[in-house]
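2 protein chains.
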Amino acid sequence: MLYLLTYDIDTESDKGRRLQKVAKICESYGQRVQNSVFELNLDPTKMTELKIKLDEMIDPDIDSVRIYKLGKYMKYDVYVLGKKETVELSEPGEYEFFSVKTDLS
Amino acid sequence: MLYLLTYDIDTESDKGRRLQKVAKICESYGQRVQNSVFELNLDPTKMTELKIKLDEMIDPDIDSVRIYKLGKYMKYDVYVLGKKETVELSEPGEYEFFSVKTDLS
Chain H
33 MLYLLTYDID
43 TESDKGRRLQ
53 KVAKICESYG
63 QRVQNSVFEL
73 NLDPTKMTEL
83 KIKLDEMIDP
93 DIDSVRIYKL
103 GKYMKYDVYV
113 LGKKETVELS
123 EPGEYEFFSV
133 KTDLS
Chain W
33 MLYLLTYDID
43 TESDKGRRLQ
53 KVAKICESYG
63 QRVQNSVFEL
73 NLDPTKMTEL
83 KIKLDEMIDP
93 DIDSVRIYKL
103 GKYMKYDVYV
113 LGKKETVELS
123 EPGEYEFFSV
133 KTDLS
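Chains as they are written, first to last, in my numbering: chain H, 33 to 137; chain W, 33 to 137.
Shown next, in the form of structure tokens:
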């Protein structure tokens, strides 16, 4: 199953240490495509595992994690304006189940 | 059609002015749910209009906008950890087509 994970992690409270840890967890489960956006291709067990790790890491009062279920089909269109990946693709190829479209249609 | 829009807008180059303008554009087309994440419910004409405005506003070399097509059905599950909305819902209710789930299943 394909998912999109986005987060807002407060960096005031602990000078960004929690942000780094959350980012590291998310990168171990999927592909980072923007600073706080990850494309994931996980089975239910792995997704539950990820949720538990994030649940233990974030501060629920000031942090926010959203996980959108995108669907099962393996190819998914994402329309991109500007730079394709803000961050270096950690494992180019393996997660390339999102086909990038850049035309305006 | 439901969409998810996420962006990374570089703030070094013009002290965040472009970021504010991009955020304002996106807020006029949908619901901001995290600092750089918006849930949109738009017909094709409005989506094209939004893309053109963003295309004119961003710096394609340093900014990144990604738009994910989520689907047509009106109710969509988004799993949320921590704070539901990082930012004040601009128009609570009107865009509430995403039903928030907080259990770990």
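Heads up, the beta-carbon is just placed ideally off N, CA and C, and yes, glycines get one too. Small disclaimer: the values here were computed from a predicted structure and weren't measured.
Per the DSSP calculation, Glu139 (chain W) is bridged to which residue(s)?
What the structure shows of chain W is the stretch from 33 to 137, and residue 139 (chain W) is not part of that stretch, so it cannot be assessed.
Report the CB separation of Ser60 (chain H) from Thr38 (chain H) in whole angstroms; it is logged as a contact under 8 angstroms.
That belief does not hold up - the Cβ atoms of Ser60 (chain H) and Thr38 (chain H) are roughly 17 angstroms apart, past 8 angstroms.
Excluding sequence positions up to five away, which residues of its chain have a Cβ less than 7 angstroms from the Cβ of Ile94 (chain H)?
Same-chain partners within the cutoff: Asp42 and Ser45.
So with Cβ pairs under 8 angstroms, would you call Asp40 (chain H) a contact of chain W?
Closer than 8 angstroms: yes.
Against Gly114 (chain W), what residues of chain H qualify as contacts under a CB-to-CB distance less than 8 angstroms, listed in chain order?
Those within 8 angstroms of Gly114 (chain W) in chain H are Ile90, Asp91, Pro92, Asp93, Ile94, Asp95, Ser96 and Val97.
Is there at least one Cβ from chain W nearer than 8 angstroms to Gln66 (chain H)'s Cβ?
Yes, Gln66 (chain H) lies at the interface with chain W (some Cβ there is under 8 angstroms from its Cβ).
Which first and last residues belong to the alpha helix (DSSP H) in which Ile84 (chain H) is found?
First-last of the alpha helix (DSSP H) with Ile84 (chain H): Pro76 to Met89.
In this structure, how does DSSP classify Ile57 (chain W) when only helix, strand and coil are distinguished?
Reduced to three states, the DSSP call for Ile57 (chain W) is helix.
Determine the burial state of Gln52 (chain W): buried for a count of at least 16 other Cβ atoms within 10 Å of its Cβ, exposed for fewer.
Exposed: under 16 other Cβ atoms inside 10 Å.
Against Leu74 (chain H), what residues of chain W qualify as contacts under a CB-to-CB distance less than 9 angstroms, listed in chain order?
Correct list: empty, because the minimum Cβ distance to chain W is about 12 angstroms.
Please list, in chain order, the chain H residues whose beta carbon lies closer than 7 angstroms to that of Tyr61 (chain W).
In chain order: nothing, as chain H lies at least about 14 angstroms away.
Whose Cβ in chain W lies nearer than 9 angstroms to the Cβ of Asp46 (chain H)?
Per Cβ cutoff of 9 angstroms: no residues; Asp46 (chain H) is ~15 angstroms from chain W at best.
Please identify the residue among H:Tyr100, H:Lys115, H:Val110 and H:Val112 whose C-alpha is closest to the C-alpha of Val112 (chain W).
Considering only alpha carbons, the answer is H:Tyr100.
Just to confirm my understanding: we take Asp75 (chain H), look at its own chain, exclude 5 residues before and 5 after, and list those with CB closer than 8 angstroms. What are they?
Same-chain partners within the cutoff: Met33.
Does Asp40 (chain W) pass the burial test, meaning 16 or more other C-beta atoms within 10 Å, or should it be called exposed?
With 16 or more Cβ atoms within 10 Å of its Cβ, Asp40 (chain W) is classed as buried.
With Lys101 (chain W) as the anchor, note down where its beta strand (DSSP E) starts and where it stops.
Unbroken beta strand (DSSP E) run through Lys101 (chain W): Ser96 to Gly103.
Nearest chain H C-beta to Val54 (chain W) closer than 8 angstroms, yes or no?
Chain H, which has no Cβ nearer than 8 angstroms to the Cβ of Val54 (chain W), makes this no.
Whose C-beta lies closer than 8 angstroms to the C-beta of Arg98 (chain W) among residues of the same chain, with five residues either side of it excluded?
Within the same chain, Arg98 (chain W) has close Cβ partners Leu37, Thr38 and Tyr39.
Please find out if some non-hydrogen atom of the ligand NAP comes closer than 7 angstroms to the beta-carbon of Glu71 (chain W).
No copy of the ligand NAP appears in this structure; indeed no ligand is present at all.
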